[in-house]
Each structure stands twice: as structure tokens, then as C-alpha cells.
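In the working numbering, the protein residues as written are 403 to 575.
In C-alpha cells form, the structure reads like this:
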């Protein structure tokens, strides 16, 4: 009887541990693929590496400024801003067919957003822009939604944003 219980326990632990390693492998593969896609823009002449003062190491994004606006100052992290944006997984942008899963370019009334409430990659982009600027922004997974799945964005996903900074509302707590 003891052998049967021990055997059943051993067999079930094999299934449990093998399913855990599959999950880890899927996440490791997704992370490696997204890092590869993001880093493939390192030598792209259309995109420049952008970071904020005080950010060192790998805390940077790639930005392609499409239009320079008439603004003279960049917003700060505590500022409220209005922006148009659309976002897709970077892998779909790289393939030439971005599938946008969020955005507001088709809306006339745009809500104010505090920069510090946005994902870090978007915050870096906005603080590097002036009112009227339009830019394509590439964000690595760790400056996006990180290692957790969300309803729309899988864990370890690099993102593509198309952003237009409409206005700086100010620092209103």
C-alpha cells in the first residue's frame, strides 16, 4: 500500500514539475524574442536611443521623431498632459502589420494624464518631447508592463507607440 501511495506521489510530482518548466520556457522564449526585436533597432538610422538624465544602463527607449512641434518646453514627470496615442506589440510593428490594441487618435476629447502614472517607457518619451511633437516610440518589456501578463499584453512584451503630445496641462496635484 505504501509503495502505491509513494508511486502515485512520485508520478504526480513529475507532471507538476514538467508543467512548471514549460511555463518558464514559454516566458523565457517570449522575453528573449522581445529583447531581440527591441535590440534590432540599435543601428536603425531612423530611431535614436533616448533616456532621461540620471537613467543609466538599459533604461532607454528608441524614438523616431516624425514631426517637431511648436512647443518650447518638455513636460516633467509630475505634469498632466494630453496626448494622442496608439499602441501595438513591437513584434507586430516589426512584421510590418502593427495590430493596435489601444489608442485615442480617433477621439476629439482627450483626457488629461499624469506622466508619472504612465508606464516608464511612455514617461521617458513624453519628457523628451515638446507640444506638437509626433514620434514613434519603441519600449523594451521592462519599461512597459514587465513580467506579468495583462488582459491584452503578454508578459515580457516590447511595445510600439505612436504618440502626439497635444498639450501640457501643468502640475496639478
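C-beta atoms are modelled at their ideal positions from N, C-alpha and C, and glycine is treated no differently.
Notebook entry, point to check: By how many angstroms is the C-alpha of residue 477 removed from the C-alpha of residue 545?
Noted result: The residue you call residue 545 lines up with position 143 of the chain shown. The residue you call residue 477 lines up with position 75 of the chain shown. Approximately 19 Å between the Cα atoms of the pair.
Next item on the list: Examine the Cβ distances between the region 523-530 and the region 555-566 and report whether three or more of them are shorter than 8 Å.
Entry: Counting Cβ pairs under 8 Å, three or more are found: they touch.
Note to self: Does residue 537 pass the burial test, meaning 16 or more other C-beta atoms within 10 Å, or should it be called exposed?
What the structure shows: Taking the first residue of the chain shown as position 1, residue 537 is located at position 135. That one is buried.
Notebook entry, point to check: Closest by CA to residue 482, which one among 518, 496, 461?
Noted result: What you label residue 482 is simply residue 80 of the chain shown in a count that begins at 1. Checked all of 518, 496, 461; the closest Cα to residue 482 is 518.
Check: What residues match up with residue 569 in a beta bridge as DSSP calls it?
Finding: If you number the chain shown from 1, residue 569 lands on position 167. According to DSSP, residue 569 bridges with 484.
Notebook entry, point to check: Buried or exposed: residue 507, going by 16 or more other Cβ atoms within 10 Å of its Cβ?
Noted result: Along the chain shown, one-based indexing puts residue 507 at 105. Exposed, by the Cβ-count rule.
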